[in-house]
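Q: Could you have a look at this structure, given as structure tokens, before my questions?
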Amino acid sequence: MDFASLRDSIACMESMTYMNAGWAGPSPSQVVERMRDAGERESAGGPAGPEGRAFASAVEEEARTEAADLFNVDPADVLITHGTSEGVAIALFGLDWQPGDVLLTTDLEHPGIDSPVAVLEERGVEIRRASIPPDASADACIEAMRSGLDSRVKVTALSHIMFTTGLRVPADEIVAAAHEVGALVLLDGAQTGGHIAMDFTAMGVDFYATSGQKWLMGPTGSGSFYVRPDRRELLTPLLRRQGTGFRQGLGQYSLASQGVAERAGYAEAVRINRELGPERVEEHTHGLAAALRAELSGIGGVSINGPADGPTACAIIVISVEGWEAPAFVEALWETHRIVARHVAHPPGIRICTAAFNNESDVERAVAAIAELTGR
134 MDFASLRDSI
144 ACMESMTYMN
154 AGWAGPSPSQ
164 VVERMRDAGE
174 RESAGGPAGP
184 EGRAFASAVE
194 EEARTEAADL
204 FNVDPADVLI
214 THGTSEGVAI
224 ALFGLDWQPG
234 DVLLTTDLEH
244 PGIDSPVAVL
254 EERGVEIRRA
264 SIPPDASADA
274 CIEAMRSGLD
284 SRVKVTALSH
294 IMFTTGLRVP
304 ADEIVAAAHE
314 VGALVLLDGA
324 QTGGHIAMDF
334 TAMGVDFYAT
344 SGQKWLMGPT
354 GSGSFYVRPD
364 RRELLTPLLR
374 RQGTGFRQGL
384 GQYSLASQGV
394 AERAGYAEAV
404 RINRELGPER
414 VEEHTHGLAA
424 ALRAELSGIG
434 GVSINGPADG
444 PTACAIIVIS
454 VEGWEAPAFV
464 EALWETHRIV
474 ARHVAHPPGI
484 RICTAAFNNE
494 SDVERAVAAI
504 AELTGR
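In structure tokens, the structure reads:
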């Protein structure tokens, strides 16, 4: 599959300019059809009958294998989840926190990290928040995290890509710095899977949670959670199950059942990304983003809130427009030009994403619309 074929397989691209994969990516027809077929097969086999259960197990194994291949890890170290926040919760609430333990995070996090961190703080865990500028360089990111690290830090938990600014932190270096003081690292990868190429084994990360419905263009309520094999014993399952249905391996950390259609759709979405090639996807999406940034920088009254270029930039562009509140501008983009974007609150801005299904014409339409709305 190539990028043009992918675009043609997404129904909404005929009627709008969709630039909001960071919230939810529209699913290709192959994903939609796979989910429909899986649901029909489950129904025909009886969901709790021998055939239905065998089919569900096979789909789960397929999803785990696809995710493991995408991230270069063993399938036994991958749990299929309902999304990034579930993986984050399994890690943060499954660890044995002791008096004096510290959790280091940042001041740019999504509620998927901030919410469980707030619960831990209420329970007595000391929280440190590294201050990272929205447009920080790689060195500045590393220095900010190093400044909060010492032997008391039990876990460093942060987003690999910040959802409000598009800042891509140097994950490999942050993992190494945390490990130097004996700290574990949990990365929130809600904005990474299907967006950038990753190798969890080479990264050395301890826990990594990803989403399926965003850049991967899978179904809502899908994702994966990776646990480094030598870290599994550190986690206690949040739910204790008894009886003949007790699951082994990472399955014991699952918080709830998941529909076979969602797992099948996730497996298909990951397969498509692997067929496109993660490195090619990253090159394509980042190239479009660079072109968009270059054009927007020439429009008066428009400011880019995140990195302008370099290794901390990605395919998320966040802008501020003089004289406009971000929610109103996002609404105007849709009402006047049928462009789908979103606003973010901290710092406030208009977020535009260039995904695998986007192309140069989308960039041109976005630039023209923003120039028109600003009166430039």
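The number in this note's numbering is simply the position in the sequence shown, starting from 1, with 133 added. Glycine included, each C-beta is placed from N, C-alpha and C at the ideal position.
Report the option in 302, 232, 252 and 230 whose CA atom is closest to the CA atom of residue 263.
A: Measuring from the Cα of residue 263, the nearest candidate turns out to be 302.
Q: Excluding sequence positions up to five away, which residues of its chain have a Cβ less than 6 Å from the Cβ of residue 415?
A: Taken in chain order, the residues that qualify are 329 and 330.
Q: Shortest alpha-carbon distance to residue 336 belongs to which of 327, 320, 351 and 347?
A: The option with the nearest alpha carbon to residue 336 is 320.
Q: Alpha carbon to alpha carbon, how far is residue 178 from residue 219? Give it in angstroms, no decimals.
A: Cα to Cα, the separation comes out at about 29 Å.
Q: Can a CB atom of chain C be found closer than 9 Å to the CB of residue 356?
A: Among the chains in the structure shown there is no chain C, since it carries only a single protein chain.
Q: Quick one: grab the DSSP three-state call for residue 567.
A: The requested residue 567 does not occur in the structure, where the chain is confined to residues 134 to 509.
Q: In terms of residue numbering, what span does the alpha helix (DSSP H) encompassing residue 225 cover?
A: Where residue 225 is concerned, the enclosing alpha helix (DSSP H) stretches over 217-227.
Q: So which of 461, 492 and 257 has the shortest CA-CA distance to residue 231?
A: Answer by Cα proximity: 257.
Q: Restricting to Cα atoms, I'd like to know which of 235, 277, 310 and 280 is closest to residue 286.
A: Residue 235 is the option with its Cα nearest to residue 286.
Q: What does the alpha-carbon distance come out to for the pair residue 292 and residue 341?
A: Near 10 Å, if we compare the C-alpha coordinates of residue 341 and residue 292.
Q: What three-state label does DSSP hand residue 503 in the structure shown?
A: Looking at residue 503 - three-state DSSP - the assignment turns out to be helix.
Q: Nearest to residue 440 by CA position, among 432, 433, 434 and 449, is which residue?
A: That would be 449, whose Cα lies nearest to the Cα of residue 440.
Q: Taking residue 253 as the reference, give the member of 224, 279 and 486 with the closest Cα.
A: Of 224, 279 and 486, the residue nearest in Cα terms is 224.
Q: Taking all protein chains shown into account, do 16 or more other C-beta atoms lie within 10 angstroms of the C-beta of residue 469, making it buried, or fewer, making it exposed?
A: That one is exposed.
Q: Note the first and the last residue of the continuous alpha helix (DSSP H) segment covering residue 307.
A: From DSSP, the alpha helix (DSSP H) with residue 307 extends over 304-313.
Q: Count the other C-beta atoms from every protein chain shown that fall within 10 angstroms of the C-beta of residue 366, then say buried if there are 16 or more, exposed otherwise.
A: Exposed: under 16 other Cβ atoms inside 10 Å.
Q: Could you check if residue 372 is buried or exposed, using at least 16 other CB atoms within 10 Å of its CB as the buried criterion?
A: The residue in question, residue 372, is exposed, as its Cβ has fewer than 16 Cβ neighbours within 10 Å.
Q: Just to confirm my understanding: we take residue 249, look at its own chain, exclude 5 residues before and 5 after, and list those with CB closer than 7 Å. What are they?
A: Correct list, in chain order: 221, 222, 225 and 226.
Q: Kindly indicate which three-state DSSP category residue 394 falls into: helix, strand or coil?
A: Helix, per DSSP.
Q: Assess, as a yes-or-no matter, whether the stretch 182-193 is touched by the stretch 423-440 under the definition of 3 or more beta carbon pairs within less than 8 Å.
A: No, because fewer than three Cβ pairs between the stretch 423-440 and the stretch 182-193 fall closer than 8 Å, the two stretches do not touch.
Q: Compute the Euclidean distance between the alpha carbons of residue 496 and residue 360, then round it to the nearest angstrom.
A: So the two alpha carbons sit approximately 38 Å from each other.
Q: Pairs of beta-carbons, one from the stretch 148-164 and one from the stretch 483-493, closer than 8 Å: are there three or more?
A: Judged by Cβ distances under 8 Å, the stretch 148-164 makes contact with the stretch 483-493, as three or more pairs qualify.
Q: Spell out a yes or no on whether the stretch 348-360 and the stretch 386-403 are touching, meaning 3 or more CB-CB pairs, one atom from each, closer than 8 Å.
A: The stretch 348-360 is in contact with the stretch 386-403.
Q: Measure the CB-CB distance between residue 171 and residue 398 and report whether it falls below 9 Å.
A: Yes, these two residues count as a Cβ contact at 9 Å.
Q: Do you know offhand how far residue 354's Cα is from residue 144's?
A: Answer to the nearest angstrom: the Cα atoms are 20 Å apart.
Q: Mapping the DSSP letters down to three states, classify residue 481 as helix, strand or coil.
A: Three-state DSSP puts residue 481 in a strand.
Q: Alpha carbon to alpha carbon, what distance is there between residue 246 and residue 213?
A: Roughly 19 Å between the two C-alpha positions.
Q: When you compare each of 434, 173 and 480 to residue 508 by their alpha carbons, which one comes out closest?
A: Considering only alpha carbons, the answer is 434.
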